[in-house]
Ligand SMILES: NC(=O)c1ccc[n+]([C@@H]2O[C@H](COP(=O)([O-])OP(=O)(O)OC[C@H]3O[C@@H](n4cnc5c(N)ncnc54)[C@H](OP(=O)(O)O)[C@@H]3O)[C@@H](O)[C@H]2O)c1
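Numbering (our numbering), first residue to last: 2 to 328.
Structure, rendered in structure tokens:
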């Protein structure tokens with residue numbers, strides 16, 4: 002079979018398409034013939050050697066994917082022919098072989114049926130919805146009627162957080178640097194969309210929030226955005242730190258944390274146990290069905306164009322970047 006692998010960490014150009022042995026199943030795994038994989042910034046960090054607990058090279062990245070079961074072990078709850086998606090958050094594409102391949106052995110605990118009416122492209126993008134759910138519901142304890150600020154709102158996690166928060170009854174203030182994407186965020190249901198780079202950002206967010214100040218922040222960017230979130234969030238508010246695209250470190254004013262009684266909580270989708278991820282996914286699928294919505298796809302690339310797909314991810318697309326693993 003063919004798989005993308007890197008032999009030493011470094012630039013994304015280190016990923017090469019190779020002919021490799023078809024994987025042997027271990028107990029508890031199902032062999033999935035992948036139809037699609039979806040990219041996440043974490044895949045890039047992994048190739049660059051910046052991801053904790055990554056598998057030893059030569060290694061195939063890819064944390065998101067959907068396809069068809071072709072082989073199962075004893076006592077499996079799946080059978081050959083079942084259409085499945087991988088619940089991003091397990092070890093696949095971290096220390097177990099990932100989804101940028103024609104076949105992947107996936108621990109069954111992390112597989113779910115492709116939801117009714119979903120394409121493989123849509124079902125390949127679970128990691129961002131599970132991340133957004135963990136930030137909003139598990140860590141953020143979101144209540145209907147709250148105002149949520151989402152930084153980096155046009156990205157994979159941001160658009161999933163926007164959809165889920167709105168479906169759960171929240172009002173959303175979204176940040177993006179792009180005017181075109183801000184218009185699309187409003188069309189997707191944000192109450193306000195504000196330029197991340199605005200020199201008057203804090204004032205604009207406060208004005209947009211009005212009499213219901215921001216009580217929860219889904220913080221995808223880090224660096225100066227974490228500092229701004231501390232100034233914006235209301236007393237007793239929570240900031241859930243998800244990403245670090247704009248900076249690995251931040252300076253926060255400790256007096257504000259104390260005075261406003263703010264919580265800042267780091268969160269990782271990797272902290273889901275498989276059964277928790279399955280339960281969260283069931284609830285997420287119900288919300289997508291009730292609202293006639295699907296994870297937005299920015300572009301689908303052929304299997305041979307994984308390098309181009311990573312370049313597209315870096316360009317700040319709106320929605321998921323998907324790779325078709327099977328013709
Ligand atoms: N903690 C976890 O478990 C977990 C899980 C998944 C992802 N993450 C992390 O969360 C972050 C977001 O992931 P994602 O999949 O949503 O990424 P993404 O799809 O690449 O989108 C992030 C968006 O943020 C904006 N952005 C990027 N760099 C920026 C910068 N320097 N300054 C201001 N805005 C910037 C861009 O939007 P505009 O161009 O519209 O401004 C971009 O589209 C990443 O750091 C990722 O590694 C964490």
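Quick reminder that beta carbons are idealized off the backbone N, C-alpha and C, glycines included.
Quantities reported herein were computed from a predicted structural model and do not represent experimental measurements.
Next item on the list: Look up residue 326 in the DSSP assignment and say whether it is helix, strand or coil.
Entry: Mapped onto the chain shown, residue 326 falls at position 325. Here residue 326 sits in coil by DSSP.
Notebook entry, point to check: How about residue 35 and residue 327: do their beta carbons lie closer than 8 angstroms?
Noted result: Position 34 of the chain shown, counting from 1, holds the residue named residue 35. Position 326 of the chain shown, counting from 1, holds the residue named residue 327. Their beta carbons are under 8 angstroms apart, which means residue 35 touches residue 327 by this criterion.
Checklist line | Element boundaries [alpha helix (DSSP H), containing residue 330] | finding: Summary: the structure shown does not reach residue 330, with the chain confined to residues 2 through 328, and so no result is reported for it.
Notebook entry, point to check: Under three-state DSSP, which class holds residue 321?
Noted result: If you number the chain shown from 1, residue 321 lands on position 320. Residue 321 falls in the strand class under three-state DSSP.
Note to self: Would residue 241 and residue 218 be called neighbours here (beta carbons separated by less than 8 angstroms)?
What the structure shows: Counting from one through the chain shown, the residue named residue 241 turns up at place 240. Counting from one through the chain shown, the residue named residue 218 turns up at place 217. Yes. Within cutoff.
Margin query: Which residue wins for smallest C-alpha separation from residue 317, given the options 325, 305, 300?
Written below: Here the question's residue 317 lines up with position 316 in the chain shown. Considering only alpha carbons, the answer is 300.
Item checked: Pair within 8 angstroms by beta-carbon distance, residue 101 and residue 5 -> The sequence position of residue 101 within the chain shown is 100, counting from 1. The sequence position of residue 5 within the chain shown is 4, counting from 1. Yes, they are a contact pair.
Notebook entry, point to check: Secondary structure at residue 61, three-state DSSP: helix, strand or coil?
Noted result: What you label residue 61 is simply residue 60 of the chain shown in a count that begins at 1. Coil, per DSSP.
Margin query: Give me, in chain order, the residues of the same chain whose beta-carbon lies closer than 6 angstroms to that of residue 129; leave out the 5 immediate sequence neighbours on both sides.
Written below: Taking the first residue of the chain shown as position 1, residue 129 is located at position 128. So the qualifying residues of the chain are 157, 158, 161.
Next item on the list: Kindly list the residues whose CB is nearer than 7 angstroms to the CB of residue 187, restricted to its own chain and excluding five residues on each side of it in sequence; keep chain order.
Entry: Walking along the chain shown from the start, residue 187 turns up at place 186. Correct list, in chain order: 194.
Notebook entry, point to check: Per the contact definition of three or more C-beta pairs closer than 8 angstroms, is the segment 138-146 in contact with the segment 107-119?
Noted result: Contact between the segment 107-119 and the segment 138-146 is absent, with fewer than three C-beta pairs closer than 8 angstroms.
Notebook entry, point to check: With DSSP run on the structure shown, which of helix, strand or coil describes residue 79?
Noted result: Taking the first residue of the chain shown as position 1, residue 79 is located at position 78. The three-state secondary structure of residue 79, taken from DSSP, is coil.
Notebook entry, point to check: Is it a yes or a no for the segment 71-88 touching the segment 164-177, going by three-plus beta-carbon pairs under 8 angstroms?
Noted result: Judged by Cβ distances under 8 angstroms, the segment 71-88 makes no contact with the segment 164-177, as fewer than three pairs qualify.
Margin query: So residue 154 and residue 175 are supposed to be a Cβ contact under 8 angstroms. How far apart are they, rounded?
Written below: Position 153 of the chain shown, counted from the first residue, corresponds to residue 154. Position 174 of the chain shown, counted from the first residue, corresponds to residue 175. Right, the Cβ-Cβ distance comes to about 4 angstroms (below 8 angstroms), so this counts as a contact.
Margin query: Please return the same chain residues whose Cβ sits closer than 7 angstroms to the Cβ of residue 267, not counting the five positions on each side in sequence.
Written below: By one-based count along the chain shown, residue 267 stands at place 266. Excluding residues within five positions, the ones whose Cβ falls inside 7 angstroms are 242.
Notebook entry, point to check: Is it buried or exposed for residue 307, if we count other Cβ within 10 angstroms and need 16 for buried?
Noted result: Start at 1 with the first residue of the chain shown, and residue 307 comes out as number 306. Buried: at least 16 other Cβ atoms inside 10 Å.
Margin query: I'd like the list of long-range same chain contacts for residue 226, defined as Cβ closer than 7 angstroms, with 5 residues on each side in sequence excluded.
Written below: In the chain shown, counting from the first residue as 1, residue 226 sits at position 225. Around residue 226: 152, 220, 247.
Note to self: Quick check on residue 178: buried or exposed, where buried means 16 or more other Cβ atoms within 10 Å of its Cβ?
What the structure shows: Taking the first residue of the chain shown as 1, we reach residue 178 at position 177. Answer is exposed; the Cβ neighbour count stays below 16.
Margin query: Does residue 323 pass the burial test, meaning 16 or more other C-beta atoms within 10 Å, or should it be called exposed?
Written below: Position 322 of the chain shown, counting from 1, holds the residue named residue 323. Result: buried.
Next item on the list: Return the CA-CA distance between residue 61 and residue 206, expressed in angstroms with no decimal places.
Entry: The count along the chain shown starts at 1 and reaches residue 61 at position 60. The count along the chain shown starts at 1 and reaches residue 206 at position 205. Their Cα atoms are separated by approximately 41 angstroms.
Next item on the list: Compute the distance between the beta-carbons of residue 50 and residue 10, then report whether it is under 8 angstroms.
Entry: Along the chain shown, one-based indexing puts residue 50 at 49. Along the chain shown, one-based indexing puts residue 10 at 9. Cβ atoms of residue 50 and residue 10: closer than 8 angstroms.
Next item on the list: Would you check whether ligand 1 has a heavy atom nearer than 7 angstroms to the C-beta of residue 120?
Entry: Residue numbering aside, residue 120 sits at position 119 when the chain shown is read from its first letter. Answer for residue 120: no, Cβ out of range of ligand 1.
Margin query: If distances are taken between C-alpha atoms only, which option among 254, 258, 253 comes closest to residue 238?
Written below: As a first step, residue 238 must be located in the chain shown, where it is residue number 237. Considering only alpha carbons, the answer is 258.
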